[in-house]
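Notes follow the structure.
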Amino acid sequence: IGTNTLRAGTGQVRRVSRLQVHPRYDPRRNDNDFMLLRLDSPVRFGPRVKKIRVATRCPRAGATCSVSGWGTTKSP
Numbered sequence: 009i010g011t012n013t014l015r016a017g018t019g020q021v022r023r024v025s026r027l028q029v030h031p032r033y034d035p036r037r038n039d040n041d042f043m044l045l046r047l048d049s050p051v052r053f054g055p056r057v058k059k060i061r062v063a064t065r066c067p068r069a070g071a072t073c074s075v076s077g078w079g080t081t082k083s084p
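Quick note, my numbering runs 8 ahead of the 1-based positions in the sequence shown.
Here you go:
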């Protein structure tokens with residue numbers, strides 16, 4: 009956590025203690041391909057690790073939104 013390479017020695021290491029797959033995940037189409045991870049201990053926030061604000065409601069049509077993550081951004 010907080011780095012993009014294990015060799016840098018600057019990141020934080022955590023284990024996943026629990027995971028929650030989206031109930032409508034479809035591995036054939038990769039629809040709803042995300043999950044929640046519970047870590048075994050809290051992360052330390054700093055310049056390279058920051059909190060994100062979670063939406064409390066759906067954005068209005070046409071609103072500009074930011075996303076974070078990796079992988080595909082489209083379903084077939």
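Even glycine gets a Cβ: it sits at the ideal position worked out from N, Cα and C.
Remember, predicted model here, so these are calculated numbers, not experimental data.
Partner residues in the beta bridge of Q28, as assigned by DSSP, are L44. Closest by C-alpha distance to V29, out of D39, Q20, D48, is D39. G19 is positioned such that its CB atom lies closer than 7 Å to that of I9. Spanning the alpha carbons of K59 and R36 requires a straight line of approximately 32 Å.
In the DSSP assignment, the residues bridged to G54 are V57.
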